[in-house]
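Protein chains: 2
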Amino acid sequence: MLSKAQIKYIQSLQLKKNRQKFGHFVAEGDKIVQELLQAKQPVLAVYATRNWLSEHRALAEQATGADINEVDEATLKQLSSLSTPNGALAIVKIPVAETPVLEGRISLMLETVQDPGNLGTIIRIADWFGIPQVICSPDCVDAYNAKTVQSTMGSISRVKVMTAELAPLLGKVPSYAATLHGDNIAGFGKISEGVILIGNESRGLSDEIIALCSHKITIPRLGGAESLNAGVATGIICGRLLI
Amino acid sequence: MLSKAQIKYIQSLQLKKNRQKFGHFVAEGDKIVQELLQAKQPVLAVYATRNWLSEHRALAEQATGADINEVDEATLKQLSSLSTPNGALAIVKIPVAETPVLEGRISLMLETVQDPGNLGTIIRIADWFGIPQVICSPDCVDAYNAKTVQSTMGSISRVKVMTAELAPLLGKVPSYAATLHGDNIAGFGKISEGVILIGNESRGLSDEIIALCSHKITIPRLGGAESLNAGVATGIICGRLLI
């Protein structure tokens, strides 16, 4: 039985200011809780149904010091921001902020990406292509909100997500700005070092950032659509520059 | 003032069986209603707020025979399947089914794609790359449900979406099956004729369909993610084969 204070605390993590205050985020759903545990992420507590625990208790107990709680469906629903929480929910420590290292690797940089689902999809793409870090401008949507965490499908446990001012980081390694009027992405070969920059869903990258980039790249538009989804565009660019 | 029967009829179009019975679908939101009107799609009726009509009445009146109705926000909300309908809603005729033509063009084929948002994103990608038709297996999610129509961002007015059994269509032109264990997509050049096949979100393409395809293609996985979103995978493949 959870105390009112526990319930209130978990629910409070739906707000960014509380996630920042406590340094914790909530991961919801069977698959992602399993992935976080398997990836040895700092899981502080697991709240799960009897069913879920009957299958995954051993995995949950591997997490050193994790507080494991059996809860009924109704309580889980009360804790969750999803309409149908799926068996389990974990409280996880937000990783300590690291300074981005750009040399000798590929990074993604996101400027003012606003949609939580897009950010999650982009983190999942980074994970697929082995990109170790995603650097978000301070005005991007928070990576640790429930919707983003869920959209990463577990990739949040493998990709480092950082927040930093982007401009001071540009110039050190080749930078590829996704724009509507750059050079055809198909003309670029495979790269092994550099940053790929993706902008806001409707406005794209700011002129200030584009001006600082060494390459302006464009996915040629052959038909009538005005734009591509930010996640899809990220995937297409990675699919040209990284494989 | 709308009659109860009108309201009931529009709401009834939220169900596929009613869309099929009447041959009509609902498009919701400012942008998509504008796009459908601009593309001279067979818009039968427009329900819009005074604000929306003050800006777009001329456009709406271009649609021959379209019944234009001013409604208040509350009524619009009642008609809509969205939590925040955005100014306008249109009733549109579902295009008459055509037989797919595969020769001399690129087509997308989707097997058992289940998520409305994914289908909409894929239609938008087709539109971006100038792919004229998307052929859905009969067990795909219906292309004319509100969520899909909205996710296409207007592309549903430019791309032909058809439903057909896929197997009998294979063998006429080169076919590229997206699988987890095929040949690296980066090894293929640009194509100008053929079908690109994308499977179900969790199971992928069926063995039966894969066996009928001339090429098995794979986006190499360089990191830890188990899968890519179906829309993102479609974008990456189009970004390799079409530009």
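If you're matching them up, the sequences are chains A and B in order.
In terms of my numbering, the first sequence opens at residue 91 and continues consecutively.
In terms of my numbering, the second sequence opens at residue 91 and continues consecutively.
Just so it is clear, CB atoms sit at the ideal spot from N, CA and C, and this is done for glycine as well.
Since this is a predicted model, take the numbers as computed values, not measurements.
{"Check": "Chain B residues whose Cβ lies nearer than 7 angstroms to that of A276 of chain A", "Outcome": "I333"}
{"Check": "Cα-Cα separation between A254 of chain A and C226 of chain A, rounded to whole angstroms", "Outcome": "6 angstroms"}
{"Check": "Span of the alpha helix (DSSP H), counted from its first residue to its last, around K262 of chain B", "Outcome": "Counting along the chain, K262 of chain B falls outside any alpha helix (DSSP H), and DSSP gives it neither H nor E."}
{"Check": "Start-end ranges of the alpha helix (DSSP H) lying completely within the segment 135-218 of chain B, minimum 4 residues", "Outcome": "140-152, 163-169, 206-218"}
{"Check": "contact_flag[the segment 236-246 of chain A, the segment 109-125 of chain A] where n(CB pairs < 8 angstroms) is 3 or more", "Outcome": "yes"}
{"Check": "Neighbour list for D217 of chain A in chain B, Cβ cutoff strictly below 8 angstroms", "Outcome": "G313, G314, A315"}
{"Check": "Close-in-space but distant-in-sequence residues of the same chain around P264 of chain B (CB under 6 angstroms, 5 per side omitted)", "Outcome": "G284, S304"}
{"Check": "Whole-angstrom distance between G261 of chain B and R330 of chain B, CA atom to CA atom", "Outcome": "22 angstroms"}
{"Check": "Distance between N208 of chain A and A311 of chain A (C-alpha atoms, nearest Å)", "Outcome": "The identity of residue 311 of chain A in the sequence shown is Arg, whereas the question assumes Ala. Rounded to the nearest angstrom, the two C-alpha atoms are 21 angstroms apart."}
{"Check": "Cβ pair A129 of chain B, V239 of chain B closer than 8 angstroms", "Outcome": "no"}
{"Check": "S144 of chain B, buried or exposed, once every other Cβ within 10 Å from all chains shown has been counted against 16", "Outcome": "exposed"}
{"Check": "Members of the segment 222-253 of chain A near chain B, C-beta cut-off 9 angstroms", "Outcome": "P222, S241, T242, M243, G244, S245, S247, R248, V249"}
{"Check": "Distance between W218 of chain A and E201 of chain A (C-alpha atoms, nearest Å)", "Outcome": "21 angstroms"}
{"Check": "Cutoff 8 angstroms; reference T139 of chain A; Cβ partners in own chain excluding five residues on either side", "Outcome": "E160, V161, D162, E163, L166, G177, A178"}
{"Check": "Burial state of S282 of chain B (16 or more Cβ within 10 Å)", "Outcome": "exposed"}
{"Check": "In DSSP terms, what F115 of chain B is bridged to", "Outcome": "B:V182"}
{"Check": "C-beta neighbour in chain A for V133 of chain B, strict 8 angstroms", "Outcome": "no"}
{"Check": "Coarse secondary structure for I100 of chain B, derived from DSSP in three states", "Outcome": "helix"}
{"Check": "Neighbourhood of F115 of chain B by C-beta distance below 7 angstroms, restricted to the same chain and skipping five residues each side", "Outcome": "L103, R109, V182, I184, Y234, V239"}
{"Check": "Contact set between I326 of chain A and chain B, taken where Cβ atoms lie within less than 8 angstroms", "Outcome": "G325, I326, C328, G329"}
{"Check": "Chain A residues whose Cβ lies nearer than 8 angstroms to that of P310 of chain B", "Outcome": "I333"}
{"Check": "6 angstroms Cβ shell around S171 of chain B - same chain, five flanking residues per side excluded", "Outcome": "Q104, A236"}
{"Check": "Bridge partner(s) assigned by DSSP for T253 of chain A", "Outcome": "A:C226"}
{"Check": "Exposed unless 16 or more other CB atoms sit within 10 angstroms - verdict on T174 of chain B", "Outcome": "exposed"}
{"Check": "Distance, Q131 of chain B Cα to N338 of chain B Cα", "Outcome": "An answer regarding residue 338 of chain B cannot be provided, because it is not within the stretch 91 to 333 covered by chain B."}
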